[in-house]
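Sequential numbering of the sequence shown, starting at 528, is according to this note's numbering. As structure tokens, the structure follows; a few thoughts come after it.
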Amino acid sequence: MVHSCGNLHDTSSGSNYQNLTINNIHLDWEISFEKKIINGIVRLDFTVLQNTSKILLDDRDLKIKSIKYLDKELNFTFSSKGVVGGTIIIDTPLLEKGTNGSLVIDYHTDEDASALQFMSKEQTIDKKAPYLYSQCQPCHARSIIPCMDTPSVKQTYTASVTVPKNFTVLMSALSNGQSDVVNDKITYNFYQPIPIPSYLFAIVVGYLEKKDISDRCAVWSEPSIIEKAHYEFIETEKMLLAAEEVLGPYKWGRYDLVVLPESFPFGGMENPCCTFVTPTLLAGDRSLTNVIAHEIAHSWTGNTVTNANWDHFWLNEGFTVFAERKIIGRLYGEKMRQFEALSGWESRLKVAVNEVFGPHHEFTKLIPNLAGIDPDDAFSTIPYEKGSAFLMFLEQIVDDNERFEQFIRDYIKKFENMSITSYDWKNYLFEYFEDKHIYLNLINFDQWFNDPGMPPNEPLYDESLMTKCRDLADVWIKASEEDLDKPYFTEANIFNSMSSAEKDTVLDYIRQSNEQITIKKAKKITELYKLDETQNCEIIMSWIRIGLKAEWEDIIDPALKFVTKYGRIKYVKPLYNILFSWPQSRDKAIETFMKNKNFMHPITAHVVERMLPKTDES
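Given below as structure tokens:
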């Protein structure tokens, strides 16, 4: 059903969701690992909002065999493709406002469906069986389901998925049991009773093992890493309880984690009931589990209250980063929340605005205009950090943290299961804080929403933990070549006593300074802090970037090995960008990417391919 507060058009969807909306989807799928496709029949249950004689659905390379309404086949055509796919135009009898109906579509996916990664057994961690997983956000659900692929439409769903025996199937839904084995095949059944947008449809199929964390939390992975994953994520229930303190009762039933293969493009994906996470979080010391706090928070901000289109993505991500840090504050203290927020401002937001895009770029706006643009190409830290900073600034303006948290809980109740715009949120903010208008009216909301570059206001931060990081970084930045031989630079206690986030911040400050990093200094940092031995991917990433800034040629091979092993865009995009632009690494980087492109997730490969140097430059 359409849950949007207004009639805002989603430019990334060609569906006529303002005339007709989908309430429920039933999927009957069979997975073919041999052909790398999903064979399916989908039933779309709809309600007519305005009289119409056409149904328009989003599509990306789907192979449609037939479309039926009331058991009669309908005529359909395909529109020309845009930047995010095309449209299936279905001719129907007159459908009158207020009536309900169902379409039944027989189809299969393309072998290159952008939402899917079929993996050979050699590409998996255990190398025992093939594997399949999906990534539908932002606009890839249309490559596996003919649907209204817009966050403005939310629907419940049920599914029956048939796979070869011995495989496990998980979806962004609750289990409804499984069949007996018939002809060496087994069917898994699922139901999702809470309406969700299409980008939250998800499936994973593989040889998977489960280990419980609590009554409502478990971790799934390939068998060889299940103990490691269970150890890493043992605090998930504790995080979920802290999230409920901040955001209200958890309503989705299960909160399970699935550790995917290394090619997964993101840190995590907040699929309801079944969060997907990258194995890059398996640092061995639980130092990177903040990502889990982020994905848990999405259960309220994003999955329950959703951006109406991708221009307003900060409503999903900015709110979630803000809530994630509230959870971190509950668990590890307010100083750590403040440190994480300041680090987001300094190390991520400033870098994205000033180095990645430039301060006048459209994508640095809190509400960018993405008409004609693939939302994947606009993906960045901007909506996360600029959005979170805005909420932290507002919390300080209101000057009552407890009341602002209550506002967040009431906002979630107010817009539960709806898709909204920034202006819906702003109107509710003014309605809720009626006694604070004198302060809210001093804020230039238009500037926050629509101006590119850094925000017009910076929140106040407790800088005590950050100061310690800056002080250590300054010692390295100011050190001369001769200083590096002094006793001080044989002592690693200060660095080793820091949290993972603090260590990463020290390394970032060193890299981002205006001072050139010498090869000797890069080697000394590596040797003293044993950066080449860590299992923490965030530290590895920072180490490689220091080496690349120093133009240390010995770092090229570790960098290429890292981007080949892990497909997380957060790592792959900036590293390939540097490797493509440095003459000493360019040819080898291009060769490495071309060799491995077909083994990467389609989203990641698309991002990197767009960065390849032009032929006349290479």
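All C-beta atoms in this analysis are idealised placements derived from N, C-alpha and C, irrespective of residue type, glycine included.
{"query": "If we ignore side chains and look at the alpha-carbon of each, how far apart do residue 901 and residue 948 end up?", "result": "19 Å"}
{"query": "Taking only the alpha-carbon atoms, compute the straight-line gap between residue 792 and residue 964 and give it to the nearest angstrom.", "result": "43 Å"}
{"query": "Measuring only the C-alpha atoms, how far is residue 846 from residue 1008?", "result": "45 Å"}
{"query": "Residues in the same chain with beta-carbon distance under 7 Å from residue 761, minus the five sequence neighbours each way, listed in chain order, please.", "result": "740"}
{"query": "If we count Cβ pairs, one from each stretch, closer than 8 Å, do we get three or more for the region 892 to 911 versus the region 922 to 938?", "result": "no"}
{"query": "Can you pull the DSSP bridge partners for residue 470?", "result": "For the chain, the structure presents residues 528 to 1145; residue 470 sits outside this window and is missing."}
{"query": "At which residue ranges does the region 707 to 748 contain complete beta strand (DSSP E) runs of 3 or more residues, listed in the order of the chain?", "result": "712 to 724, 730 to 733, 736 to 739 and 744 to 748"}
{"query": "On a CA-only basis, which of 593, 651, 835 and 628 is nearest residue 552? Give me that one, please.", "result": "628"}
{"query": "Let me make sure I understand the geometry here. Which of 780, 832, 788 and 597 has the alpha-carbon closest to that of residue 654?", "result": "788"}
{"query": "Could you check the C-alpha separation between residue 921 and residue 975 for me, to the nearest Å?", "result": "12 Å"}
{"query": "By a C-beta neighbour count over all protein chains shown, 10 Å radius and 16 as the cutoff for buried, is residue 899 buried or exposed?", "result": "exposed"}
{"query": "What is the DSSP secondary structure of residue 1131, reduced to helix, strand or coil?", "result": "helix"}
{"query": "Does residue 868 pass the burial test, meaning 16 or more other C-beta atoms within 10 Å, or should it be called exposed?", "result": "buried"}
{"query": "Would you mind working out which of 954, 981 and 558 sits nearest residue 914, comparing C-alpha positions?", "result": "981"}
{"query": "Name, in chain order, the residues that DSSP records as bridge partners for residue 659.", "result": "645 and 732"}
{"query": "Nearest to residue 820 by alpha carbon, out of 795, 638, 579 and 837?", "result": "795"}
{"query": "Where residue 590 and residue 559 are concerned, what is the direct C-alpha to C-alpha distance, given to the nearest angstrom?", "result": "15 Å"}
{"query": "Quick check on this structure: which residue in 1080, 1112 and 1129 has the alpha carbon closest to the alpha carbon of residue 1095?", "result": "1129"}
{"query": "Leaving out five residues before and five after residue 657 in sequence, what residues of the same chain have Cβ atoms less than 8 Å from its Cβ?", "result": "560, 645, 646, 647, 648, 651 and 733"}
{"query": "Going by the DSSP bridge assignment, what does residue 786 pair with across the sheet?", "result": "804"}
{"query": "Check each candidate in 801, 684, 775 and 755 and name the one with the smallest Cα separation from residue 744.", "result": "801"}
{"query": "On a CA-only basis, which of 727, 715, 682 and 839 is nearest residue 1148? Give me that one, please.", "result": "Limits of the chain in this structure are 528 at one end and 1145 at the other, which puts residue 1148 out of reach."}
{"query": "Given a cut-off of 8 Å, decide if residue 579 and residue 543 are closer than it, judged by their beta-carbon atoms.", "result": "yes"}
{"query": "Can you look up residue 544 in the DSSP assignment and give me helix, strand or coil?", "result": "coil"}
{"query": "Residue 757 by DSSP, collapsed to three states: which one?", "result": "helix"}
{"query": "For residue 912 versus residue 956, is the C-beta spacing smaller than 8 Å?", "result": "no"}
{"query": "When we look at the beta-carbon of residue 709 and count the other beta-carbons within 10 Å, is it buried (16 or more) or exposed?", "result": "exposed"}
{"query": "Which one of 822, 759, 1070 and 1081 has the shortest CA to CA distance from residue 1098?", "result": "1070"}
{"query": "Would DSSP call residue 528 helix, strand or coil?", "result": "Low per-residue confidence applies at residue 528: pLDDT is 49, beneath 50, and the placement is therefore not dependable, though the value from the model is reported in the following sentence. Reduced to three states, the DSSP call for residue 528 is coil."}
{"query": "Name the two residues that bound the continuous alpha helix (DSSP H) containing residue 902.", "result": "902 to 905"}
{"query": "Quick check: the region 1059 to 1075 against the region 1021 to 1034, are there 3 or more CB pairs under 8 Å?", "result": "yes"}
{"query": "Less than 8 Å between the C-beta atoms of residue 784 and residue 746, yes or no?", "result": "yes"}
{"query": "Should residue 731 and residue 712 be called a contact, given that it needs their Cβ atoms to be closer than 8 Å?", "result": "no"}
{"query": "What is the rounded straight-line gap between the Cα of residue 673 and the Cα of residue 610?", "result": "17 Å"}
{"query": "List the whole-angstrom C-beta distance separating residue 724 from residue 833, where the pair is believed to meet the contact cut-off of C-beta under 8 Å.", "result": "6 Å"}
{"query": "Determine the DSSP secondary structure at residue 666, reduced to helix, strand or coil.", "result": "coil"}
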